[in-house]
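Residue numbers (my numbering): 3 to 160.
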């Protein structure tokens with residue numbers, strides 16, 4: 003994952019509500035599976051491949067822990083997550099990218115549903131007192147400069 007992608011995910015997380023956070027976790031999981039495929043095909047070695055799989059599994063673990071078990075559908079989603087986890091483990095053990103296509107298929111479909119839920123969710127952001135980032139075109143074509151405007155005693159409230 004590039005530095006820019008990490009910054010984008012960080013900004014999205016600071017402004018996200020509960021539903022949007024799930025979408026972001028799915029996006030991160032998909033980005034890490036893409037990193038794993040690139041590490042495997044690009045010859046970056048087993049260490050880079052394993053690290054990307056480990057990070058994808060960490061995102062999946064957060065998704066599993068975020069399930070509200072009070073609803074019947076959570077059990078079905080849990081089974082999909084467990085299947086996805088088994089595919090990630092298989093990819094790592096076999097040193098193969100084939101299981102990652104199943105991971106991407108399952109998570110992409112779930113993510114599309116989560117995006118619809120997030121679109122309808124009007125709850126406030128989980129984090130309060132976060133930095134406001136303004137981006138705009140300045141000093142030439144295609145050059146984006148980010149500036150922030152926040153008090154010096156800024157802190158995060160969850």
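Glycine included, C-beta positions come from ideal geometry on N, C-alpha and C.
Proximity of residue i and residue j at Cβ, strictly below 8 Å
i	j	result
residue 116	residue 15	no
residue 112	residue 28	yes
residue 69	residue 80	yes
residue 93	residue 55	yes
residue 3	residue 33	yes
residue 120	residue 10	no
Residues that residue i bridges to, as DSSP identifies them
i	result
residue 77	DSSP, once it has assigned bridges, lists no residue as partnering residue 77.
residue 44	DSSP, once it has assigned bridges, lists no residue as partnering residue 44.
Span separating the alpha-carbon of residue i from that of residue j
i	j	result
residue 98	residue 42	8 Å
residue 73	residue 38	33 Å
residue 75	residue 125	21 Å
residue 35	residue 114	17 Å
residue 51	residue 44	10 Å
residue 67	residue 20	13 Å
residue 100	residue 40	13 Å
residue 8	residue 71	30 Å
residue 110	residue 30	11 Å
residue 57	residue 127	25 Å
residue 129	residue 12	12 Å
residue 78	residue 63	16 Å
residue 53	residue 26	19 Å
residue 46	residue 59	20 Å
residue 95	residue 65	22 Å
residue 138	residue 5	Interpretation of residue 138 is limited by its pLDDT of 49, a score under 50 that renders its predicted location unreliable; the figure taken from the coordinates is listed afterwards. Roughly 19 Å between the two C-alpha positions.
residue 108	residue 123	23 Å
Cβ-heavy atom distance, residue i to the ligand ADP, below 7 Å
i	result
residue 83	Ligands in the displayed structure: none, and consequently the ligand ADP is not present.
Self-check item: Segment contact flag, the stretch 102 to 122 with the stretch 80 to 90, C-beta cutoff 8 Å, min 3 pairs
Solution: Taking a cut-off of 8 Å on C-beta distances, the stretch 102 to 122 touches the stretch 80 to 90, as three or more cross pairs fall below it.
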